[in-house]
């Protein structure tokens, strides 16, 4: 056989056994080595690694980003040998062009057999290392953000089963372990969240909305927080949990009541901006008749109330979104559409609804002074706002340069750390910010 033919056959064989992007072998390539290990020991450790939302990332950002992520995961795992993984660990993939990784660990500390406790420690270290790697600037813009599931199991020999089946059974056990832990965690989170809602164990902080030219304060946005020092303190964790557990509307109502109570305690007559889910207002009566108690508390307040609804809320039910918010407007409540620039983006919906405010998402505001495309997009949004009689509020303003660029493009108001951080008792309940 000619040498070039042999080389081509080798390359062809390698292409069906080794992944081109990661350079890792498919699991079947490792079978003989695993069998050899188990001739000398009773168990081999299996650590399974899987990225959540990877398919969605591919559909949103394309195969090039997908491949870059896979290569980075493989590189991170390889660099972990001798640090988080034993030096002699074998890395593999669930097939050519696969997206699930595994590390096979022959020994524990000091050459002992790998134990479940040791593998759990290895898995936790790998998960933390991967989370840190994909929090870097290169991947920080991914939405949804990548998360990692790492599980472990022990591969043992059983003469009643084909060895290959034992390997794949151990891989599935390792993969399932994370799901079992997650279900236990969710049960605990669910109990905590229901208690928070039932007892209204929520905190409210306020951040000023400021006129960009004069720095006069228009009002304050009420922002909810979970119990301090708990996993549900951060608003993202709080609302993500409520969504997954099917109690989002209950939490929305509890947050709004807590915010109104906190704002009333400050004895301010300024405008308060309250966040809301359009689905939790579906029972608003047409024409404002027979108003329930919670609606009367909003409309009879001694201050103006503006309800903020995310633009993403129009994605699933545009007609219901417009209908609900229009009924609230009929009741005399101000309406702001939040997260402009990230969601449904229908100009027709904005023109039909004619909200009082359009709130720009912070991702559009960030470094807008350095980005001509963002500035052009803002000019377009300002033109739409002017046509429908709305004012533009820019969220996430952090620098004076951003504020100047926003004002130059026609934005009316700003909100962000440049002006003030959220506080339970804002110092400036009137007047201007420095």
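Numbering (my numbering), first residue to last: 340 to 773.
All C-beta atoms, glycine included, are put in the ideal place defined by N, C-alpha and C.
Predicted model, so just to flag it, every value in this text is computed and none were measured.
>> With a threshold of 7 Å on Cβ separation, who are the neighbours of residue 727 within its own chain once the five nearest residues in sequence on each side are excluded?
In response: For the purposes of this step, residue 727 is taken as residue 388 along the chain shown, with counting starting at 1. Spatial neighbours of residue 727 in its own chain (CB-CB distance under 7 Å, excluding positions within 5 residues in sequence) are listed in chain order as 689, 690, 693.
>> Would residue 506 and residue 388 be called neighbours here (beta carbons separated by less than 8 Å)?
In response: Here residue 506 refers to the residue found at position 167 when the chain shown is read from its first residue. Here residue 388 refers to the residue found at position 49 when the chain shown is read from its first residue. No.
> Any idea if residue 666 is buried or exposed, counting beta-carbon neighbours within 10 angstroms, 16 or more meaning buried?
Replying inline: The sequence position of residue 666 within the chain shown is 327, counting from 1. Label assigned to residue 666: buried.
>> So for residue 357, helix, strand or coil by DSSP?
In response: By 1-based counting over the chain shown, the position of residue 357 is 18. Secondary structure of residue 357 (DSSP, three-state): strand.
> How long is the line joining the alpha carbons of residue 374 and residue 535, rounded to whole angstroms?
Replying inline: Against the chain shown, residue 374 aligns to sequence position 35. Against the chain shown, residue 535 aligns to sequence position 196. Those two C-alpha atoms are separated by around 52 Å.
> Are residue 472 and residue 415 touching if we call contact CB-CB under 8 Å?
Replying inline: Position 133 of the chain shown, counted from the first residue, corresponds to residue 472. Position 76 of the chain shown, counted from the first residue, corresponds to residue 415. Contact: yes.
> Is the distance from the Cβ of residue 736 to the Cβ of residue 714 below 8 Å?
Replying inline: Against the chain shown, residue 736 aligns to sequence position 397. Against the chain shown, residue 714 aligns to sequence position 375. For the 8 Å CB-CB criterion, residue 736 and residue 714 do not form a contact.
> Terminal residues of the continuous alpha helix (DSSP H) containing residue 713?
Replying inline: As a working mapping, residue 713 is identified with position 374 in the chain shown. Looking at the DSSP string, the run of the alpha helix (DSSP H) that includes residue 713 is 711 to 727.
> Within the chosen definition, does the region 430 to 450 reach the region 467 to 486 through at least 3 CB pairs nearer than 8 Å?
Replying inline: Not touching, per the Cβ criterion.
>> If I measure Cβ to Cβ from residue 730 and keep anything under 8 Å in the same chain, skipping five residues before and after, which residues do I get?
In response: Locating residue 730 in the chain shown gives position 391, counting from the first residue. Around residue 730: 695, 696, 697, 724, 751, 752.
>> Tell me which residues share the same chain as residue 598 and place their Cβ nearer than 7 Å to its Cβ, disregarding the 5 neighbours each side in the sequence.
In response: Position 259 of the chain shown holds residue 598. Residues 543, 561, 563, 613 of the same chain have their beta carbon placed closer than 7 Å to that of residue 598, with the five preceding and five following residues left out of the count.
> By a C-beta neighbour count over all protein chains shown, 10 Å radius and 16 as the cutoff for buried, is residue 479 buried or exposed?
Replying inline: Counted from its first residue, the chain shown places residue 479 at position 140. It is exposed - the Cβ of residue 479 has fewer than 16 other Cβ atoms within 10 Å.
> Taking the alpha-carbon positions, what's the residue 349 to residue 429 distance?
Replying inline: Walking along the chain shown from the start, residue 349 turns up at place 10. Walking along the chain shown from the start, residue 429 turns up at place 90. Residue confidence is low: residue 349 scores 43 on pLDDT, short of 50, so the model does not pin down where it sits. Its coordinate-derived value is still stated next. Distance between the alpha carbons of residue 349 and residue 429 is about 22 Å.
> Is the Cβ-Cβ distance between residue 634 and residue 584 less than 8 Å?
Replying inline: The residue labelled residue 634 in the question sits at position 295 within the chain shown. The residue labelled residue 584 in the question sits at position 245 within the chain shown. Contact annotation: residue 634 and residue 584 have beta-carbon atoms that are not nearer than 8 Å.
> How do the region 370 to 386 and the region 490 to 501 stand: do at least 3 beta-carbon pairs fall below 8 Å, yes or no?
Replying inline: Cβ pair count under 8 Å is three or more, so yes.
> Using DSSP with H/G/I as helix, E/B as strand and the rest coil, what is residue 848?
Replying inline: Residue 848 lies beyond the residue range present for the chain, which begins at 340 and ends at 773; the question has no answer from this structure.
> Hey, how far is the Cα of residue 352 from the Cα of residue 396?
Replying inline: Here residue 352 refers to the residue found at position 13 when the chain shown is read from its first residue. Here residue 396 refers to the residue found at position 57 when the chain shown is read from its first residue. Residue confidence is low: residue 352 scores 48 on pLDDT, short of 50, so the model does not pin down where it sits. Its coordinate-derived value is still stated next. So the two alpha carbons sit approximately 30 Å from each other.
> Who are the near neighbours of residue 539 in its chain, counting only those whose CB is closer than 8 Å to its CB and skipping five residues on each side?
Replying inline: Taking the first residue of the chain shown as 1, we reach residue 539 at position 200. 593, 596, 597, listed in sequence order.
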